[in-house]
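Enquirer:
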Amino acid sequence: MPELALRDQQNSIYLAVPHFSPPSPMSTCGRSVKNNKQVQVDESDDLKLAPHSFVIHRGSVGKYVQELTKDFRKVMEPFTASSLKVRRKNSLKDFVSVSGILHVSHLCTFTHTDISTYMKLANLPRGPTLTFKVHNYSLSRDVASMLKKQMVFDRAFKNSPLIVLNSFSGEGMHLKLMASMFQNMFPTINVTKVNLSTIRRCVLLNYNPTSKLIDFRHYVIKLVPIGLSRGVKKIVQNKVPNLGRLGNISEFFTKSSMLSESEYEDDPSSHVVLPQTLTSRGNIAGRQSGIRVHELGPRLTLQLMKVEDGLMNGDVLFHELIQKTDEEKLFIKKKREEKSKLKEKRKKTQEENTKKKLHMKEEQKQKSLKGMKRKNNELEADVMMKKAVLESNQTGVQEDDDDAAWYRQEVGEEPDTGKLRCTFYTPHPLDDKLKEKRKKTQEENTKKKLHMKEEQKQKSLKGMKRKNNELEADVMMKKAVLESNQTGVQEDDDDAAWYRQEVGEEPDTGKLRCTFYTPHPLDEF
Numbered sequence: 000m001p002e003l004a005l006r007d008q009q010n011s012i013y014l015a016v017p018h019f020s021p022p023s024p025m026s027t028c029g030r031s032v033k034n035n036k037q038v039q040v041d042e043s044d045d046l047k048l049a050p051h052s053f054v055i056h057r058g059s060v061g062k063y064v065q066e067l068t069k070d071f072r073k074v075m076e077p078f079t080a081s082s083l084k085v086r087r088k089n090s091l092k093d094f095v096s097v098s099g100i101l102h103v104s105h106l107c108t109f110t111h112t113d114i115s116t117y118m119k120l121a122n123l124p125r126g127p128t129l130t131f132k133v134h135n136y137s138l139s140r141d142v143a144s145m146l147k148k149q150m151v152f153d154r155a156f157k158n159s160p161l162i163v164l165n166s167f168s169g170e171g172m173h174l175k176l177m178a179s180m181f182q183n184m185f186p187t188i189n190v191t192k193v194n195l196s197t198i199r200r201c202v203l204l205n206y207n208p209t210s211k212l213i214d215f216r217h218y219v220i221k222l223v224p225i226g227l228s229r230g231v232k233k234i235v236q237n238k239v240p241n242l243g244r245l246g247n248i249s250e251f252f253t254k255s256s257m258l259s260e261s262e263y264e265d266d267p268s269s270h271v272v273l274p275q276t277l278t279s280r281g282n283i284a285g286r287q288s289g290i291r292v293h294e295l296g297p298r299l300t301l302q303l304m305k306v307e308d309g310l311m312n313g314d315v316l317f318h319e320l321i322q323k324t325d326e327e328k329l330f331i332k333k334k335r336e337e338k339s340k341l342k343e344k345r346k347k348t349q350e351e352n353t354k355k356k357l358h359m360k361e362e363q364k365q366k367s368l369k370g371m372k373r374k375n376n377e378l379e380a381d382v383m384m385k386k387a388v389l390e391s392n393q394t395g396v397q398e399d400d401d402d403a404a405w406y407r408q409e410v411g412e413e414p415d416t417g418k419l420r421c422t423f424y425t426p427h428p429l430d431d432k433l434k435e436k437r438k439k440t441q442e443e444n445t446k447k448k449l450h451m452k453e454e455q456k457q458k459s460l461k462g463m464k465r466k467n468n469e470l471e472a473d474v475m476m477k478k479a480v481l482e483s484n485q486t487g488v489q490e491d492d493d494d495a496a497w498y499r500q501e502v503g504e505e506p507d508t509g510k511l512r513c514t515f516y517t518p519h520p521l522d523e524f
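So, in structure tokens, the structure goes:
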């Protein structure tokens, strides 16, 4: 899978949430990385089940859309990947594959076209997907530059914001789907168990039914005790006031000019009685405090354009500009099903080809292992043969010594060392293979000889048959000649009788007689 990670100096993966603490820079120096092992903290069920999100941009977008993406990540903190680095090779499947491991439930994508900027909200891993058109937006730095007094409060981003929806209760499936999508992007609040000190931010979404536009605002919430002058507030908040212009300390508390303009114009509807004591000074349970909000940004003006059933695809449940008939919807559905079937078919063929390649690799591996084993056996056989030759030579020398001693003992003379010495043949380990090879060659030669004999026999039989046919033809020819001679004598007698009858004289037998040639039946043969 291509790289998709939140990276620190060790290229590790972590999600930027309170229960995932990134390693400190000092932990990457020297041996401390090996010695200082990170302790895994068990996460509570509330943190695991809280909705996490990815906020990214896709395609070629400008620097302002990139900054808008970072500002929106700031809004979604702490349950978002604030340091997520996305590469061009990363596809939608990469985000879906890691979403289950990191408990990510929503994906927010910013894109930019020639027409406008768009924001897509998708529920992982199967959808639905809401596509919004961003009519206009202001970055957080633009909002901060318009304020007289900028609010810098980093502790407010340690907890998730409070979501407030206005005018989303109209008719229409798309309105209900929008409301549920926005609500499920932030953790739910249990009113009976909530700690008011953790609610430091607010996200306001206002829907205008006439223009169908949604206004997105992001505020920080601040509680101020009511009924205290400006000087008393400074003392309560551990601030040292400037008393150099005053003659008495009582003037600091009684002077009316010490009240700020905002306190004179404070709306009574913003006053609340606190049910809990807050961590900020002066906000005690049972007393009134004023709620004040300071805008953090960014500002967005959105319009819902399309609702899709799946993750970035599927059936279009709602479209602001295009209305299709049932026939067109059915045609698009069939086309999508055919496309999915072709995709599954290609996937199956690819899997089969992969299995075939793996099988061929395994067969090649087995063949190579067999060849290596055969070579090892041949080497072992050569070693054993050399050992056997050496042992046989040593045994032959010992036998020669024993024979010489026996000859001296029996004959009483020294043996003649110049005579031919008989040595016994030591069988080679590969003799059996040679015998089998010779046996096979002998069998093949025997088969060839038998085949040649059979061919010679067939040739001799054909020659004998041809001779018999010739003899039969000669006999028939001789019979025909004899029969023709007898027929010629009868014809001569008939001619003599005719001559006597016509001429009245005896025919002259000494004259040359002309006889007609009677063709023999075997002349053509």
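0 is the number of the first residue of the sequence shown in numbering that gives the first Met the number 0; add one for each residue after it.
Ideal Cβ positions, reconstructed from N, Cα and C, are used throughout, including at glycine.
With which residues is residue 51 paired in a DSSP beta bridge?
Expert: 103
Enquirer: Contact check, residue 78 vs residue 52 under 8 Å by CB: the rounded distance?
Expert: 7 Å
Enquirer: Would you mind reading off the limits of the beta strand (DSSP E) that contains residue 94?
Expert: Segment 91 to 98 is the alpha helix (DSSP H) holding residue 94; no beta strand (DSSP E) there.
Enquirer: Does residue 288 come out as helix, strand or coil in the three-state DSSP assignment?
Expert: In the structure shown, residue 288 sits in a strand (DSSP, three-state: E or B).
Enquirer: Can the beta-carbon of residue 124 be found less than 8 Å from the beta-carbon of residue 95?
Expert: yes
Enquirer: Are the CB atoms of residue 297 and residue 131 within a distance shorter than 8 Å?
Expert: No, the Cβ-Cβ distance between residue 131 and residue 297 is not below 8 Å.
Enquirer: Distance, Cα to Cα, residue 334 vs residue 87?
Expert: 29 Å
Enquirer: Per DSSP, residue 128 is paired with what?
Expert: 121, 307
Enquirer: Going by DSSP, what residue range makes up the alpha helix (DSSP H) through residue 183?
Expert: Per DSSP, the unbroken alpha helix (DSSP H) holding residue 183 starts and ends at 172 to 183.
Enquirer: Counting beta carbon pairs with one atom in the region 194 to 202 and one in the region 213 to 225, are three or more of them shorter than 8 Å?
Expert: yes
Enquirer: Determine the direct distance from the alpha carbon of residue 492 to that of residue 505, and round the result to whole angstroms.
Expert: 12 Å
Enquirer: Taking DSSP as the reference, what is the three-state secondary structure of residue 568?
Expert: With the chain running from 0 to 524 in the structure shown, residue 568 is simply not present.
Enquirer: Got a sec, what are the start and stop residues for the beta strand (DSSP E) residue 507 sits in?
Expert: Neither: residue 507 is in no beta strand (DSSP E) and is coded neither H nor E.
Enquirer: Determine the DSSP secondary structure at residue 474, reduced to helix, strand or coil.
Expert: helix
Enquirer: Out of curiosity, what's the CA-to-CA distance linking residue 23 and residue 45?
Expert: Its pLDDT being 45, under 50, residue 23 is placed unreliably in this model, and the value from its coordinates should be taken loosely. Residue 23 and residue 45: Cα-Cα distance of roughly 26 Å.
Enquirer: Applying the criterion that 16 or more other CB atoms from any shown protein chain within 10 Å of the CB defines a buried residue, is residue 50 buried or exposed?
Expert: The residue is buried, with at least 16 neighbouring Cβ atoms inside 10 Å.
Enquirer: Kindly identify the DSSP beta-bridge partner or partners of residue 218.
Expert: 201, 294
Enquirer: Do residue 116 and residue 214 come within 8 Å of each other at the CB atom, strictly closer than that value?
Expert: no
Enquirer: Distance check for residue 496 and residue 507, CA to CA, integer angstroms please.
Expert: 12 Å
Enquirer: Could you check what DSSP says for residue 79 in three-state terms: helix, strand or coil?
Expert: strand
Enquirer: Between which two residues does the beta strand (DSSP E) harbouring residue 163 extend?
Expert: Where residue 163 is concerned, the enclosing beta strand (DSSP E) stretches over 161 to 165.
Enquirer: Using the three-state DSSP reduction, which class does residue 331 fall into: helix, strand or coil?
Expert: helix
Enquirer: Helix, strand or coil for residue 224? Go by DSSP, reduced to three states.
Expert: strand
Enquirer: Measure the C-alpha to C-alpha separation of residue 256 and residue 289 and round it to an integer number of angstroms.
Expert: Bear in mind that the predicted position of residue 256 carries a pLDDT of just 48, short of 50, making it too unreliable to give a figure here.
Enquirer: Could you give the DSSP three-state label for residue 315: helix, strand or coil?
Expert: DSSP places residue 315 within a strand segment (E or B) once states are collapsed to three.
Enquirer: What does a CB cutoff of less than 8 Å around residue 91 pick up in its chain, not counting 5 residues either side in sequence?
Expert: 310, 311
Enquirer: When DSSP builds the beta bridges, which residues end up paired with residue 299?
Expert: Under DSSP, residue 299 forms a beta bridge with 136, 215.
Enquirer: Assuming residue 85 contacts residue 55 under a Cβ cut-off of 8 Å, what Cβ separation, rounded to an integer in Å, is found between them?
Expert: Sure, about 5 Å apart at Cβ, within 8 Å.
Enquirer: Pop quiz: residue 105 and residue 184 are said to be a contact at Cβ under 8 Å. What is the actual Cβ separation, rounded to whole angstroms?
Expert: With a Cβ gap of about 5 Å, residue 105 and residue 184 count as contacting.
Enquirer: How is residue 60 classed by DSSP in three states: helix, strand or coil?
Expert: coil
Enquirer: Go through its chain and collect everything with a Cβ distance to residue 332's Cβ below 8 Å, but skip five positions before and after it.
Expert: 314
Enquirer: Please report the distance separating the alpha-carbon of residue 436 from that of residue 368.
Expert: 25 Å
Enquirer: Does the Cβ-Cβ distance between residue 182 and residue 162 come in under 8 Å?
Expert: yes
Enquirer: Please list, in chain order, all residues of the same chain as residue 292 whose beta carbon is under 8 Å from its beta carbon, the five residues on each side excluded.
Expert: Counting only Cβ-Cβ distances below 8 Å, and skipping sequence neighbours, we find 201, 218, 219, 220, 221.
Enquirer: Compare the beta carbon distance of residue 527 and residue 66 with 8 Å and say whether it is the shorter of the two.
Expert: Since the first residue of the chain shown is 0 and the last is 524, residue 527 is not available in this structure.
Enquirer: Can you pull the DSSP bridge partners for residue 111?
Expert: 116
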